[in-house]
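Going by the numbering used here, the sequence shown runs without a break in its numbering and finishes at 166.
Each residue gets a CB set at the ideal place from its N, CA and C atoms; glycine is no exception.
Treat the numbers as computed from the prediction; the structure is a model and nothing was measured.
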Amino acid sequence: PSMRPFPRTLRIFGDPQDRAQPMFVLYALTAELRRTSPVDRLALGRQQSTHGIPVTFDGGALDLRFLQRRLSLFAYGGRTVHFFEATPGLLENWLAGGGAGLRLTPHTQLEVDTRYLHETLPDASGVLGKRVDTQSYGLTLTGRWDDLSGKLFARGMNRSFSHMGG
1 PSMRPFPRTL RIFGDPQDRA QPMFVLYALT AELRRTSPVD RLALGRQQST HGIPVTFDGG
61 ALDLRFLQRR LSLFAYGGRT VHFFEATPGL LENWLAGGGA GLRLTPHTQL EVDTRYLHET
121 LPDASGVLGK RVDTQSYGLT LTGRWDDLSG KLFARGMNRS FSHMGG
């Protein structure tokens, strides 16, 4: 008699080593609603921030547009995703961000944003312990034309200037 806990036909979860019953893993799922005025974008699930320095997170994002799409307001937040963590805890890595943008011309936009990040870092033995809180903020100028787009940005982190680029 087999020592398996369930007959093979009743096992619903696969095993990465089992070729007879493959394992399927949902890596990322995102649902988006776009351009239903004033909502420019509403997204839930795994996503990358569209404002500031890119960060991948599981959560929600909302972008609003007003005044013939000249003024934008946005907010996002959720649990950050670190692909190198083997056993992440549920409440150790959270972020919240938001800001506003103003379309200066039909082709240029100025945006200001801020982001709060709360992380719990593992020590040398892998035990989660040290808490790190980071407040970052930035200013971005974006230009978009038919065949060309560009971006200039400056960012700060906590009390220090941290990034400049284009």
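How about residue i and residue j: do their beta carbons lie closer than 8 Å?
i             : j                 : result
arginine 159  : tyrosine 137      : no
valine 55     : leucine 95        : yes
arginine 144  : histidine 118     : no
leucine 42    : leucine 29        : no
alanine 205   : glycine 98        : With the chain running from 1 to 166 in the structure shown, residue 205 is simply not present.
threonine 120 : asparagine 93     : yes
arginine 65   : proline 38        : yes
glycine 60    : glycine 78        : yes
arginine 142  : lysine 151        : For the sequence presented, residue 142 should be read as threonine rather than arginine. Closer than 8 Å, so yes.
threonine 140 : phenylalanine 161 : no
On the DSSP letters alone, give me the boundaries of the beta strand (DSSP E) that residue i sits inside.
i                : result
phenylalanine 39 : Per the sequence shown, the amino acid found at residue 39 is valine instead of phenylalanine. That run of the beta strand (DSSP E) goes 39-48.
leucine 33       : 30-36
Taking DSSP as the reference, what is the three-state secondary structure of residue i?
i             : result
leucine 67    : coil
leucine 148   : coil
histidine 163 : strand
glycine 156   : strand
glycine 52    : coil
What are the start and end residues of each continuous beta strand (DSSP E) run of 3 or more residues lying completely inside the region 71-146, in chain order? 71-80, 94-103, 108-122, 128-144
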